[in-house]
Amino acid sequence: MNKKEELGQMLVSSGLINEEQLEKARKEQQQSKESLVRVLASLGLVEENETIKFISSKLGLSMVNLSKVVGIDPKVAEIIPESLALAHLIFPISKQKDTLVLAMADPLNTSILEKVRSMGYQIKPLITSETEIRKAIQKYYGKGAIVEDILKETTTLAKKEGVIELEVGEDEAPAINLVNHLLIEAIKVGASDIHIEPYEQNLWIRYRIDGILHKVSSPGRHLQNAVVSRIKIMSGLNITERRIPQDGRAKVRIVGREIDLRVSVTPTIFGEKIVMRILDPSGLCLGLEHLFEPEVLSLYQEYIHKPQGFILISGPTGSGKTTTLYSTLSAIRSVEKNIMSVEDPVEYILSSGINQQQVKPEIGLDFITGLRSFLRQDPDIIFVGEIRDKETAEVAIIAALTGHLVFSTIHTNNSAEIITRLLNMGIAPYLITSTLIMGVAQRLARTICPKCKESYEVNPEIAKSLGIKEKTLLYQGKGCKNCNQIGYKGRTGIYEVMAVNEAIKSMIIEQEPGYRIEETARENGMVTLRESATKKVLAGITTVEELYRVTA
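Start counting the sequence shown at 596; every next residue gets the next number (the working numbering).
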């Protein structure tokens, strides 16, 4: 029989299925986007192993059980890119001179055979199941892909006093093992978020490390529903609801450390996408001296200890605003002060002395309602999670006018634009000048890995654009095991602190544009985000590339 004959017709010709069953399988295949072999097995028509045996006998190919193959060289696996292996369900087992032993789920796929041959290899094809291929890819590709070694550290998953013990055993389902592995590995590499994204052919797993997303593995789509259900169970979500977004929380214990997870699930055209935010309290409330440069620290500390006023922190999502404000509240907390916060969501539960309230719009508890209730609770200091609209801004300003110190966040590009944003919201200039005492813009820049840090002479054009001397030595990381070959390890804050003095108040009354306010602030000694970042580049803390990435 011709090897190019379509598999479905081969099965019909051999009597394993009939034309009606083949048509049913093809319709199901159009919906699920899975291979015909897997669809036939899921419909209970032909077992996957039986189909593999059939193809093996018809094409005269040897079968292989990849799970029993020992001594696979990871360097051989690297010959075929992960994306190509997943797209065509192939896996390289070994190489002898220019001959590549290639396990294939579909040996009738002549296009991929030609593609591998064009890479300079003769091919010895072997046939195996799609399941075996996916397991091998999961094991040998990507720094976050190998499950077994990491999972041996622990043994089962149990919930005790609201805390999920992350432990994995050999008898657990693959989806449970995968979810637990992803969390354990994410903690180890210092990720802040885990993204699980369904696409037509596979799942993408990405970790956000120091603000940048890194793809770590692509398990098969067959694990998608089980993985989503597992995460929903952990975070108390409805596993049967797949049409609308859901948000949940979970607390896990890993190697003796308790970690909070904030889970967001949202539907996409290929299934539900999940983002798990890893909230590690151990890295939250830092001393202010670890955040601010000495030249601005004293100014910031002076203003956060004032008895009343409005202080706004600005920056994009993920710029560290929450860490700055939580660290600030921890620094000024005392038994003499009543500190209250209203947040959406409460990301971290702070220690005693700070009363935190979670926004619940579904029952009418929004920022405005929470703020108004606070004013009847005899507060000294109020933290509002975010100024999103005119109404929230007005209530926060009223709180500042009536003798309270109010902190909040807002989305602007720099500190001067905080004023412009409030004006655009419709806040009267006299209210801004009566309450706003400081605006802070911030960014997070990745720090150079200390293990692979190396110097180089700055390019003359870059030196000119930064206003530094030519032939100045700058630094970069070349990549090593310590930083996962990225060249960066950790992040540092870049701050622009603007005190609202009389000159700036006059400009607010005149509704001057943001760039004029910034000019006046700089004349009064304000260090801009670009200038702050440049100092850290010259000090060898971060790179020129990071400076350009995080500052305008």
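Using N, Cα and C, we set each Cβ at its ideal position, and we do this for glycine too. Keep in mind that this is a model prediction, so the values were computed, not measured.
Nearest-angstrom Cα separation, counted from residue 1078 out to residue 1005: As a position in the sequence shown, residue 1005 is number 410, starting the count at 1. As a position in the sequence shown, residue 1078 is number 483, starting the count at 1. Their backbone Cα atoms lie some 33 Å apart in a straight line.
Status (buried if at least 16 other CB within 10 Å, exposed otherwise) for residue 613: Working through the sequence shown from its first residue, we reach residue 613 at position 18. Classification of residue 613: exposed, given that the 10 Å Cβ count is below 16.
Reference residue 647; option with closest CA among 843, 1068, 728: Counted from its first residue, the sequence shown places residue 647 at position 52. For residue 647, the nearest C-alpha among the options comes from 728.
Nonlocal neighbours in the same chain, by C-beta distance under 8 Å from residue 1068, ignoring five residues either side: For this step, residue 1068 is matched to residue 473 along the sequence shown. Counting only Cβ-Cβ distances below 8 Å, and skipping sequence neighbours, we find 1050, 1051, 1052, 1053.
DSSP beta-bridge partners of residue 802: Position 207 of the sequence shown, counting from 1, holds the residue named residue 802. DSSP, once it has assigned bridges, lists 789, 809 as partnering residue 802.
Inter-residue Cα distance where the pair is residue 931 and residue 1001: For this step, residue 931 is matched to residue 336 along the sequence shown. For this step, residue 1001 is matched to residue 406 along the sequence shown. Cα to Cα, the separation comes out at about 17 Å.
Beta-carbon gap between residue 1043 and residue 1070 smaller than 9 Å: Looking up residue 1043 in the sequence shown gives position 448. Looking up residue 1070 in the sequence shown gives position 475. Going by C-beta atoms, residue 1043 is nearer than 9 Å to residue 1070.
Cutoff 7 Å; reference residue 995; Cβ partners in own chain excluding five residues on either side: Indexing the sequence shown from 1 puts residue 995 at position 400. Counting only Cβ-Cβ distances below 7 Å, and skipping sequence neighbours, we find 903, 904, 905, 1001, 1030.
Rounded C-alpha distance that separates residue 1046 from residue 1136: Within the sequence shown, numbered from 1, the residue matching residue 1046 stands at position 451. Within the sequence shown, numbered from 1, the residue matching residue 1136 stands at position 541. If I take the Cα positions, the gap works out to 13 Å.
Any chain C beta carbon closer than 9 Å to residue 696: No chain C appears in this structure, which consists of one protein chain only.
Three-way DSSP call (helix, strand, coil) for residue 775 in this model: Numbered from its first residue, the sequence shown carries residue 775 at position 180. In the structure shown, residue 775 sits in a helix (DSSP, three-state: H, G or I).
Residue 717 - DSSP class collapsed to helix/strand/coil: Here residue 717 corresponds to residue number 122 of the sequence shown, with the count starting at 1. If DSSP states are grouped into helix, strand and coil, residue 717 belongs with the strands.
Cβ-based neighbour list, residue 744, same chain, cut-off 7 Å, excluding 5 preceding and 5 following: If you number the sequence shown from 1, residue 744 lands on position 149. Only weak support is given to the placement of residue 744: the predicted model assigns it a pLDDT of 37, under 50, and the question is left unresolved by the model.
Every unbroken beta strand (DSSP E) inside the region 998-1034 [3 residues or more]: 1000-1005
Residue 940 to residue 602 span [Cα, whole Å]: Reading the sequence shown from its first residue, position 345 is the one you call residue 940. Reading the sequence shown from its first residue, position 7 is the one you call residue 602. Cα to Cα, the separation comes out at about 53 Å.
Reduced DSSP secondary structure (H/G/I, E/B, other) of residue 639: The sequence position of residue 639 within the sequence shown is 44, counting from 1. Residue 639: coil per DSSP, three-state reduction.
Which listed residue (971, 972, 961) has its alpha carbon closest to that of residue 984: Numbered from 1 along the sequence shown, position 389 holds the residue referred to as residue 984. Of 971, 972, 961, the residue nearest in Cα terms is 961.
The region 1016-1031 / the region 1113-1123 touching (three or more Cβ pairs under 8 Å): no
Rounded C-alpha distance that separates residue 924 from residue 987: Sequence index remark: in the sequence shown, residue 924 carries index 329 (1-based). Sequence index remark: in the sequence shown, residue 987 carries index 392 (1-based). Computed Cα separation, rounded: 20 Å.
Backbone CA spacing between residue 1041 and residue 659 [nearest angstrom]: For this step, residue 1041 is matched to residue 446 along the sequence shown. For this step, residue 659 is matched to residue 64 along the sequence shown. Answer to the nearest angstrom: the Cα atoms are 46 Å apart.
Spatial distance of residue 836 from residue 830 (CA atoms): For this step, residue 836 is matched to residue 241 along the sequence shown. For this step, residue 830 is matched to residue 235 along the sequence shown. Computed Cα separation, rounded: 14 Å.
Neighbourhood of residue 657 by C-beta distance below 6 Å, restricted to the same chain and skipping five residues each side: Sequence index remark: in the sequence shown, residue 657 carries index 62 (1-based). Excluding positions up to five away in sequence, the list reads 721.
First through last residue of the alpha helix (DSSP H) which encompasses residue 1102: Your numbering for residue 1102 matches position 507 in the sequence shown. Run containing residue 1102: 1097-1104, per the alpha helix (DSSP H) assignment.
Spatially closest choice to residue 928 from 945, 916, 870, by CA coordinates: The residue labelled residue 928 in the question sits at position 333 within the sequence shown. Of the candidates 945, 916, 870, the one whose C-alpha sits nearest the C-alpha of residue 928 is 945.
Distance between residue 794 and residue 625 (C-alpha atoms, nearest Å): Counted from its first residue, the sequence shown places residue 625 at position 30. Counted from its first residue, the sequence shown places residue 794 at position 199. Distance between the alpha carbons of residue 625 and residue 794 is about 15 Å.
Contacting residues, own chain, Cβ-Cβ under 6 Å from residue 740 (five flanking each side not counted): As a first step, residue 740 is located in the sequence shown; it is residue number 145 there, counting from the start. Caution is warranted here: a pLDDT of 39 is assigned to residue 740, below 50, making its placement in the model unreliable, and the coordinate value is therefore given only provisionally. 733, 812.
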